[in-house]
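Quick notes on the structure that follows.
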Amino acid sequence: MLGAISSALSAMSYAFLTSILGVAVSVLLILSLNFWLFYFKELSPKKDKSRSLTINYGKVIVDNFGDVEEKLSFVNEKLDSQRDIGQQTFLLNQQMLASLSDISDSLKSINQQLEKTSKYEREEISVIKESFEQFKRNLRTAMEIMLK
1 MLGAISSALS
11 AMSYAFLTSI
21 LGVAVSVLLI
31 LSLNFWLFYF
41 KELSPKKDKS
51 RSLTINYGKV
61 IVDNFGDVEE
71 KLSFVNEKLD
81 SQRDIGQQTF
91 LLNQQMLASL
101 SDISDSLKSI
111 NQQLEKTSKY
121 EREEISVIKE
131 SFEQFKRNLR
141 TAMEIMLK
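Written as structure tokens, this is what we have:
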């Protein structure tokens, strides 16, 4: 019974604390939004329209714009060539991957053929050994008969 009362009281205190925090956050938001409102009212576009801003570029700067434009076009050309090289490299890598896959398949086929050949040769060697052993036995018996 005391445990239930204790858990109920702790839940109520938690709810009370969260409601206090919620109210505090609401008050802070209202105050901060008022400050933001005053800030943006001072920087409103109405005041910006009354100002006229003109920039006079000197001859040196205008000439430098041409140089900058040339350098930017040069950089763009290099970037285009790098992109083309990247695409070519990608295509070549795909071709190499396909070739390597074909080579891998061929090597697997060769390996299977070698395994079959090895198995056949082992069988043939065992037959030859058996024939040789039979020949030795026959030769031994023939020698024994000749010696007797």
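Numbering-wise (my numbering), the sequence shown opens with residue 1 and increments by one. We put the beta carbon where it would ideally sit given N, CA and C, even for glycine.
Could you check what DSSP says for residue i in three-state terms: helix, strand or coil?
i      : result
LYS148 : coil
MET96  : helix
MET1   : coil
Against chain C, with Cβ distances strictly below 8 Å, would residue i count as a contact?
i     : result
SER73 : Among the chains of the structure shown, chain C does not appear; only one protein chain is present.
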